[in-house]
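Here's the structure we're looking at; comments come further down.
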Amino acid sequence: MEKLPRKQQQIFERLDAFRLLTSIYPDEPAVRKQYADMLHKAYCAFDDVKFRYVLEPEQRAQILQTFSGFAEKHSQDNLLQARLLETLAEAVAHETDLRGLKLLIRTAHSVMQRGGK
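The sequence shown runs contiguously to residue 121 in my numbering.
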């Protein structure tokens, strides 16, 4: 993979920090919400035309799987579930890779099945 533009690199660095925070404070709603927002931002940043950088389907899928796994651990957190579904909907709307689209649909279905209404 080519070197990430600075803006995306910063987003991933912040994601790592949030990942650590959520492991220290797993039951803190404010931390969960910020982490969900960062995951959403990370996904969206790579589709932003002004960055002229497209994330590989596998890398986009990895962000979404991380998001989905995080939401699964906190399936009673409605704000988190709503943010995940919003990100999934946005992803499905912009996904051009068929493999990526199938993964997104499976992920969204899985979220709905476990209660992210």
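Every residue gets a Cβ at the ideal spot worked out from N, C-alpha and C, and that includes glycine.
Same chain, Cβ closer than 6 Å to residue i, neighbours up to 5 away in sequence not counted
i, result
"Leu25", "Val35"
"Leu43", "Phe71"
"Glu94", "none"
Rounded C-alpha distance that separates residue i from residue j
i, j, result
"Tyr29", "Gln66", "23 Å"
"Leu88", "Arg10", "25 Å"
"Lys77", "Glu17", "22 Å"
"Asp41", "Gly73", "15 Å"
"Pro33", "Arg110", "26 Å"
"Asp31", "Asp20", "18 Å"
"Glu90", "Ser27", "24 Å"
"Lys106", "Gln13", "27 Å"
Residue i vs residue j beta-carbon contact at 8 Å
i, j, result
"Leu68", "Leu92", "yes"
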